[in-house]
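Colleague: Protein sequence lines correspond, in order, to chains U and G.
Note that our numbering has the first sequence beginning at 6, numbered continuously upward.
Note that our numbering has the second sequence beginning at -19, numbered continuously upward.
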Amino acid sequence: MPPPLDASQPRLAAGCRWGPENKAGSEERVVLFPEGAIKLQGTGRQILEQCDGQRTFAEIIAELQKQFAVADPEKIRADISIFLEQLQRKRIVDY
Amino acid sequence: MLPNPLALIAEVTHRCPLHCVYCSNPLELAGTQAELSTEEWTSVFQQCGQLGMLHAHFTGGEPLARPDLAELIAAARDAGLYTNLITSGLGLNEPRLQTLVDAGLDHIQISFQDSREEAANWIAGAKAHAHKIELSRAIRRRVDRKRLAFTVNLVVHRQNLDHLEEMIAFIEQLNPERIEIAHTQYYGWALANRAALMPTRAQLERAVAIVAEAEKRLAGRIRIDSVVPDYYAKYPKACMGGWGRRLMLINPAGKVLPCHAAEVLPGLSFENVREKTLEWIWQESPSFRKFRGEDWMPEPCRSCDRRTEDFGGCRCQAFLLTGDATVTDPACSLAPSHSIVESAVREANAGTEVAQPETASSFVQLQKQTSDLWSYRTNPE
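Pasting the structure below:
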């Protein structure tokens, strides 16, 4: 699979979902999938929470670029792309 | 501090319509009368949720043999658990599948015995193959297929590894998200049938190359999970991710075990969820503490760099092959008892013949015809 396109609408793949909300104040949230789970916090969590099957890849990038205005926008794009591509190979994300 | 367990393996029944010769269930199966009730399982799942566990794996036997399976899945889901059904598919049609998904089923894992119908039914001792194909198609036909992950589990061994490519191609067209290629592990019925099931080194080497090629070709479409069988590995498997470290298993009668086979170990007694809480069992029970951590380890494990990776291998395999559960897993090339595994491997490589499927008009006839080759798994009382 190639990396996501600007018009791609990433979402959690079949049978992958957010786990229960953690105790109040916890930064961490779990994504559950067949035979495993990943704990996410910070930027990883922010990116994946935007992957609702509605927002496009371009919109997700724009949102994160806005939030991290001091960082290099191209680097943000590349990082998000690699992150989603890795999760796609594990069949946790589809786009 | 002791971390909480991550997942529960719920053996909800030992009844099964299949008789697979590679079954890892114990030879002494729990009877129907002893099975936990719906309410008892519901309490178990609530306790799991409170312990912060993440996954509930429904297995057996055949979980579909329980008429209350949808209720059990709903109870697990309500407790915050991810629900996985490990099944032969027998007993499932489209309406019942819908009921299970509505109850909150997240993942279904269907086992296939082979790509060839005659061979598949021969391994299973039952005419199951055609139904499994129908069911897989029904899973993929679903309108809301995004709700349910689909894995095909293929158990491989001496009798089918020669056409692994064909089997992978067959599974590909069933279009699952995931394929598990599971080499037979020698416990229970599989250990009794080991001579007929253990692959040759040549079969294994070819299989490793075929799996690597398929992983590359299917990347992004189908995820393949596969491990090298431990008899042919240099180091033992990290059985259950370490004893009492990540997983709890509850058998149909409510006994709480650190792994599938632990009941074979002499001198250990296991608590029942009817009498103790899961939390107490996890933290305090002598059986879960017995091989937890490193204090129990003999040499060469005790001073081995890998002890935090494989935890000394499998306690049940150590007992089954050497008669002593406290020694290094003989699958380890450094184990003093490794010659036991070496000699099994030698035997497996001495003859290269593969048996041919027999056709029979009944299960009893099939049992008779194949009695020199293996024993089929039977059912509990």
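C-beta atoms are modelled at their ideal positions from N, C-alpha and C, and glycine is treated no differently.
Quantities reported herein were computed from a predicted structural model and do not represent experimental measurements.
1) DSSP has Ser235(G) in a bridge; who is on the other side?
2) Scan the segment 19 to 40 of chain U for residues whose Cβ lies nearer than 9 Å to a Cβ of chain G and list them as they occur along the chain.
3) Assuming Ala19(U) and Ala129(G) are in contact, meaning their beta carbons sit under 8 Å apart, how far apart are those beta carbons, in whole angstroms?
4) What number of angstroms, rounded off, separates the C-alpha of Thr79(G) from the C-alpha of Glu185(G)?
5) Counting pairs of Cβ atoms below 8 Å between the segment -10 to -1 of chain G and the segment 25 to 44 of chain U, do you hit three or more?
6) Give, in chain order, every unbroken run of the beta strand (DSSP E) that is at least 3 residues long and sits entirely within the segment 9 to 81 of chain U.
7) Quick one, which of Ser265(G), Glu322(G), Glu193(G), Ala242(G) has its alpha-carbon nearest Asn5(G)'s?
8) What separation, rounded to the nearest whole angstrom, lies between the Cα atoms of Arg286(G) and Ala324(G)?
9) Quick one: using the 10 Å Cβ neighbour count with 16 as the cut-off for buried, is Lys112(G) buried or exposed?
10) Using a Cβ-Cβ cut-off of 8 Å (strictly less than) and excluding sequence neighbours within five positions of Leu45(U), which residues of its own chain qualify?
11) DSSP beta-bridge partners for Ala(-13)(G)?
12) Would you please state the rounded distance, in angstroms, between the beta carbons of Glu42(G) and Pro(-3)(G)? I believe it to be under 8 Å.
13) Does any CB atom of chain G fall closer than 7 Å to the CB of Gln93(U)?
14) First and last residue of the beta strand (DSSP E) that includes Asp86(G)?
15) Could you tell me the distance, in whole angstroms, from the CA atom of Glu195(G) to the CA atom of Asn101(G)?
16) I'd like the ranges of any alpha helix (DSSP H) spanning at least 4 consecutive residues and lying wholly in the segment 52 to 101 of chain G.
17) From Cys28(G) to Phe38(G), what distance separates their C-alpha atoms?
18) Buried or exposed: which applies to Thr308(G), given that a residue is buried once 16 or more other Cβ atoms fall within 10 Å of its Cβ?
19) Whose C-alpha, out of Pro232(G), Asn73(G), Arg254(G), Trp260(G), is nearest the C-alpha of Glu8(G)?
20) With 7 Å as the threshold, decide whether the Cβ of His87(G) is near any Cβ in chain U.
21) By the criterion of Cβ-Cβ separation under 7 Å, what are the contact partners of Lys196(G) in chain U?
22) Could you spell out where the alpha helix (DSSP H) holding Phe271(G) opens and where it closes?
23) Tell me where the alpha helix (DSSP H) around Thr18(G) begins and ends.
24) Would you check if the distance between the CB atom of Asp86(G) and the CB atom of Tyr62(G) is smaller than 7 Å?
25) Kindly identify the DSSP beta-bridge partner or partners of Asn133(G).
26) If you draw a straight line from the alpha carbon of Tyr166(G) to that of Thr61(U), how long is it in whole angstroms?
Modeller: Answer, in terms of the structure:
1) First, the residue type needs correcting, since residue 235(G) is Lys and not Ser in the sequence shown. Bridge pairing for Lys235(G): Asn252(G) [DSSP].
2) Within the segment 19 to 40 of chain U, the qualifying residues are Ala19, Gly20, Cys21, Arg22, Gly24, Pro25, Val35, Leu37, Phe38, Pro39, Glu40.
3) The pair is a contact, with the Cβ atoms about 5 Å apart (cut-off 8 Å).
4) So the alpha carbons of these two residues sit roughly 43 Å apart.
5) Between the segment -10 to -1 of chain G and the segment 25 to 44 of chain U there are fewer than three C-beta pairs closer than 8 Å, too few to call the two in contact.
6) Uninterrupted beta strand (DSSP E) stretches at least 3 residues long and entirely within the segment 9 to 81 of chain U occur at 34 to 38, 41 to 45, given in chain order.
7) Ranking the options by Cα distance to Asn5(G), first place goes to Ala242(G).
8) Those two C-alpha atoms are separated by around 24 Å.
9) Its Cβ being crowded by 16 or more others within 10 Å, Lys112(G) is buried.
10) Within the same chain, Glu33, Arg34, Val35, Val36, Leu53 come within 8 Å of Leu45(U) by CB-CB distance, once the 5 residues on both sides are set aside.
11) Answer is His35(G), Leu227(G).
12) About 6 Å; that satisfies the 8 Å criterion.
13) Gln93(U) has a beta carbon lying within less than 7 Å of a beta carbon in chain G.
14) Note, Asp86(G): premise wrong, no beta strand (DSSP E); not H, not E.
15) Spanning the two alpha carbons is a distance of roughly 27 Å.
16) Here the runs fully enclosed are 74 to 83.
17) Cys28(G) and Phe38(G): Cα-Cα distance of roughly 14 Å.
18) Buried.
19) Here the closest residue by C-alpha is Pro232(G).
20) For His87(G), the answer is yes, since a Cβ of chain U falls inside 7 Å of its Cβ.
21) Neighbours of Lys196(G) on chain U: none; closest Cβ ~11 Å, over 7 Å.
22) Per DSSP, Phe271(G) lies in no alpha helix (DSSP H) and is assigned neither H nor E.
23) Run containing Thr18(G): 18 to 30, per the alpha helix (DSSP H) assignment.
24) In contact: Asp86(G) and Tyr62(G) (Cβ atoms closer than 7 Å).
25) Paired residues: Ser91(G), Glu160(G).
26) Rounded to the nearest angstrom, the two C-alpha atoms are 49 Å apart.
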